[in-house]
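Chemist: There's a structure below that I have some questions on.
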Amino acid sequence: MNYYPITNKISLDKIKKDKWGLPVLAMYAELKGNEYAMGKDIIKESVAMIENTGVKNVRSYDSGHAMGYGIHEMGTARMGRDAKTSVLNEY
Numbered sequence: 459m460n461y462y463p464i465t466n467k468i469s470l471d472k473i474k475k476d477k478w479g480l481p482v483l484a485m486y487a488e489l490k491g492n493e494y495a496m497g498k499d500i501i502k503e504s505v506a507m508i509e510n511t512g513v514k515n516v517r518s519y520d521s522g523h524a525m526g527y528g529i530h531e532m533g534t535a536r537m538g539r540d541a542k543t544s545v546l547n548e549y
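Its first residue numbered 459, the sequence shown is counted upward by one per residue in my numbering.
Quick look at the structure:
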């Protein structure tokens with residue numbers, strides 16, 4: 459049983475269509491406390507990783523965050539043509 463209300467969802471738009479007449483995606487999403495906490499942790503850990511390479515005087519900043527800005531920065535499934543270096547094909 460899901461005890462958390464679902465606030466992020468994707469559905470087909472009932473009005474808007476693409477150039478082929480098909481419904482486009484309607485996306486509803488919002489950032490909450492966990493996303494903001496993860497952002498602060500990403501900054502902290504990024505600084506630590508850089509400092510561990512020997513770089514001195516590392517400075518960070520937080521310019522805020524908007525939906526879609528952090529899609530691939532922290533963890534992705536690499537796409538490519540070689541199964542030795544990619545987990546997904548090129549499509």
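Cβ atoms here follow ideal geometry from the backbone N, Cα and C, with glycine treated the same way.
Just so we're clear, the structure is a prediction, and the values are computed from it rather than from any experiment.
1) Within its chain, find whatever has a CB closer than 6 Å to the CB of Met459; leave out the 5 residues flanking it on each side and keep chain order.
2) Considering Ser469, what are the terminal residues of the alpha helix (DSSP H) in which it resides?
3) I'd like the span of the alpha helix (DSSP H) that includes Met485, first residue to last.
4) When the Cα atoms are used, what is the spatial distance from Thr511 to Ile468?
5) Does Met496 come out as helix, strand or coil in the three-state DSSP assignment?
6) Compute the beta-carbon to beta-carbon distance between Thr465 and Glu493, rounded to the nearest angstrom, for a pair I have assumed lies under 8 Å.
7) From the DSSP output, in three-state form, read off Met525 for me.
8) Residues in the same chain with beta-carbon distance under 6 Å from Ser518, minus the five sequence neighbours each way, listed in chain order, please.
Modeler: According to the structure data:
1) Note that Met459 has pLDDT 48, beneath the 50 cutoff, so the model's placement of it is unreliable and the number below is only indicative. Counting only Cβ-Cβ distances below 6 Å, and skipping sequence neighbours, we find nothing.
2) No alpha helix (DSSP H) holds Ser469; the beta strand (DSSP E) holding it covers Lys467 to Lys475.
3) Not the alpha helix (DSSP H): Met485 falls in the beta strand (DSSP E), residues Pro481 to Tyr486.
4) 41 Å
5) helix
6) Actually they are not in contact, since the Cβ atoms of Thr465 and Glu493 sit about 12 Å apart, beyond 8 Å.
7) coil
8) Ile501 and Val505
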